[in-house]
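Here is the structure we will look at, set down as structure tokens.
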Amino acid sequence: MEVIVQRIAPKVGEIIADLGAGVGYLSIPLADEGATVIALDLQQDMLDGLRERDNGLGRIRLVRATLPEIPLPDASLDRAVMVNVFHEVEDKKRLAKEISRVLRSEGMITLVDWQARETEKGPPMHLRVPLAEASSYFPGFVLDKSYDDPEYYHLELRRE
């Protein structure tokens, strides 16, 4: 996650939603850098684990949510981040609309997911979204940066 945090380079006070945050492997380092983090996850036990890993500091707002719904106000985020989550969401187009709704006009999307090729770890091939297809789910956004790692791809998308 350190590489992802370095690539994102969060600014102090930047409001970031970690969609599918799990136990906070990304949320906590983002908060450590001074970002205001909202961690969303379907599973309460994951959010409880995140709270515990954050030592009860309360730096991260925890929200139980089922994607593609994002229960946050319009234009309330500077960035939405998904790490190894996008392939799990059935209605990807709906999720993309929700992300667009909650992002501010200068908002960014960080999408990190499994390469669409056999890797040692990861989900079954039929669930993986190819790199070339991933950004097409986000109309109105363009590719700002792309990183092609052995197991994952990492896209940074910004509004056109």
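Residue numbers for the sequence shown follow this note's numbering, beginning at 809 and rising by one.
Note that beta-carbon positions come from the ideal geometry of N, C-alpha and C, so glycine has one too.
It should be emphasised that the depicted structure is a prediction, and the values quoted were computed from it without experimental measurement.
Just the Cα atoms here: how many angstroms apart are residue 877 and residue 898?
Residue mapping note: residue 877 aligns to position 69 of the sequence shown, counting from 1. Residue mapping note: residue 898 aligns to position 90 of the sequence shown, counting from 1. Straight-line Cα distance between these residues: approximately 12 Å.
Beta carbon of residue 870, beta carbon of residue 847: below 8 Å?
As a first step, residue 870 must be located in the sequence shown, where it is residue number 62. As a first step, residue 847 must be located in the sequence shown, where it is residue number 39. Yes; because the gap between Cβ atoms is below 8 Å, this pair is in contact.
Where does the unbroken alpha helix (DSSP H) through residue 904 begin, and where does it stop?
What you label residue 904 is simply residue 96 of the sequence shown in a count that begins at 1. Here the alpha helix (DSSP H) through residue 904 covers 900-910.
Considering only DSSP beta bridges, list what residue 970 is partnered with.
Not covered by the structure: residue 970. The range shown for the chain is 809 to 968.
Limits of the unbroken alpha helix (DSSP H) element including residue 838:
For this step, residue 838 is matched to residue 30 along the sequence shown. Residue 838 -> alpha helix (DSSP H) spans 835-840.
Return the first residue and the last residue of the alpha helix (DSSP H) that residue 880 is part of.
Within the sequence shown, residue 880 is the residue found at index 72, counting from 1. Element bounds for residue 880: n/a, residue is neither H nor E.
Beta bridge counterpart(s) of residue 917 as assigned by DSSP:
In the sequence shown, residue 917 corresponds to position 109, counting from 1. 888, 965.
Would residue 920 pass as a contact of residue 950 if the rule is Cβ separation under 8 Å?
Here the question's residue 920 lines up with position 112 in the sequence shown. Here the question's residue 950 lines up with position 142 in the sequence shown. Not in contact: residue 920 and residue 950 (Cβ atoms no closer than 8 Å).
Chain-order list of residues whose beta-carbon lies under 7 Å from that of residue 912 (same chain, five-residue window excluded)
On the sequence shown, residue 912 is found 104 positions in, with the first residue counted as 1. Excluding positions up to five away in sequence, the list reads 883, 885, 886.
Please determine, among 857, 865, 934, the residue with the shortest C-alpha to C-alpha distance to residue 849.
On the sequence shown, residue 849 is found 41 positions in, with the first residue counted as 1. Residue 857 is the option with its Cα nearest to residue 849.
In this structure, does DSSP put residue 804 in helix, strand or coil?
There is simply no residue 804 to check, as the chain begins at 809 and stops at 968 in what is shown.
Apart from the five residues on each side of it in sequence, which residues of its chain come closer than 6 Å, Cβ to Cβ, to residue 924?
Taking the first residue of the sequence shown as position 1, residue 924 is located at position 116. So the list reads 936, 938, once near-sequence residues are dropped.
Work out the CA separation of residue 816 and residue 843 for me, nearest whole Å.
Stepping through the sequence shown from its first residue, residue 843 is reached at position 35. Stepping through the sequence shown from its first residue, residue 816 is reached at position 8. Their backbone Cα atoms lie some 11 Å apart in a straight line.
Tell me whether residue 934 is buried or exposed, calling it buried when 16 or more other Cβ atoms sit within 10 Å of its Cβ.
Sequence index remark: in the sequence shown, residue 934 carries index 126 (1-based). Under this definition residue 934 is an exposed residue.
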